[in-house]
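If you want it as structure tokens, here you go:
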């Protein structure tokens, strides 16, 4: 089934390889002098998304080397960048499959669920990997920050699940396999933090996942895997070192996610509930119509702001209730 998932995902997005650079690709790639003259490593580590920037440099260097071997057109050949984006998406889909399969195969699941674990995992991963909503993250080169973050986010959960599973099978917390997967989880978390700031929630979600599917309580999860969680939450320090929190939160000129004009954090906050409920959730169920930019201007309709905030708050309360009851719906809602 993983091979089928790989083939279907590649077929769904293979035409993206013929794409060109658009919008923010120009300043970040075509006119980015740092790709031609990288400078010291410390400059790269100080960037807000050093892992993404490093991936662009890798693409450029490989393109230049291939051109020197009379293959391709050089470091600015869009094909290499698009192939990288597609590879990231494929790996994310395969990782999701692994998470679903191993979770549904846990001893706490019913015999019926465990018997259908592979088929269910394949179905979920296939829908996600081939869903039209992922088009922008795959085909828009600079949006690899989103897809790379998603890949590492899933990889953290997968690695933590593997480490915990070995412990459940009787391995000690210091066994080679447990240590390997625990270290892998921390490395993936660090790479995710260097891809996009949304990764900040991953240590919390891993703990929630652990408590819901593996441990009997948060206390048990923390006591069994305290070293893993100390390291995972410690990655927040790495994220903090690459961000100016004060500038992001309090600057009046912050773009706050809108690329076409300066939008204050409050304008962004009051608009997001409407975008989540009326755009994201709707398009997840029925991805039509799709366009590159919906021009989600800051919302000023008081009634719409009020009811969408109330509805989203209700969903948050229901998610919290599901978390308290150790329901898998709580993990999905929190994610």
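Numbering (the working numbering), first residue to last: 30 to 364.
Backbone N, C-alpha and C fix where the C-beta goes; we use that ideal spot for every residue, glycine too.
The structure presented is a predicted model; accordingly, all values stated were derived computationally and were not measured.
Within the model, the alpha-carbon separation for residue 153 versus residue 79 is close to 31 Å. Residue burial is scored here from C-beta neighbours: residue 174 has at least 16 other C-beta atoms within 10 angstroms and is therefore classed as buried. Excluding the 5 residues flanking it on each side, residue 110 has same chain C-beta neighbours closer than 6 Å at 88 and 170, in chain order. Taking residue 221 as the centre and dropping the five residues before and after it, the same chain places the C-beta of 178, 181, 182, 185, 228 and 231 closer than 7 Å to its C-beta, in chain order. When DSSP assignments are scanned along the segment 141-192, the uninterrupted stretches of alpha helix (DSSP H) that are 4 or more residues long and fall wholly within it turn out to be 146-159 and 164-168. Distance from the CA atom of residue 301 to the CA atom of residue 94, rounded to whole angstroms, is 44 Å.
In the structure shown, residue 52 falls within a coil segment according to DSSP collapsed to helix, strand and coil. From the listed residues 99, 59 and 146, the smallest Cα separation to residue 105 is found for 59. Counting C-beta atoms within 10 angstroms of its own C-beta, residue 54 has 16 or more neighbours from the protein chains shown and is therefore classed as buried.
The Cβ atoms of residue 149 and residue 135 lie no closer than 9 Å to each other. Secondary structure of residue 66 (DSSP, three-state): coil.
Secondary structure of residue 292 (DSSP, three-state): coil.
Scanning its chain for C-beta atoms nearer than 8 Å, with the 5 sequence neighbours on each side dropped, one finds around residue 219 the residues 264 and 267, in chain order. Contact between the segment 302-313 and the segment 331-341 is present: three or more C-beta pairs spanning the two stretches fall below 8 Å. When 190, 39, 118 and 52 are compared, the shortest CA-CA separation from residue 208 is found for 190. Distance from the CA of residue 297 to the CA of residue 321, rounded to the nearest whole angstrom, comes to 19 Å.
Annotated as distal: residue 158 and residue 205, with beta-carbon spacing of 9 Å or more.
Taken atom to atom, the span from the alpha-carbon of residue 47 to that of residue 195 is near 43 Å.
Comparing alpha-carbon positions, the option among 98, 362, 223 and 123 lying closest to residue 82 turns out to be 223. For residue 109, the three-state secondary structure derived from DSSP is helix. For residue 321, the secondary structure class from DSSP, reduced to helix, strand or coil, is coil.
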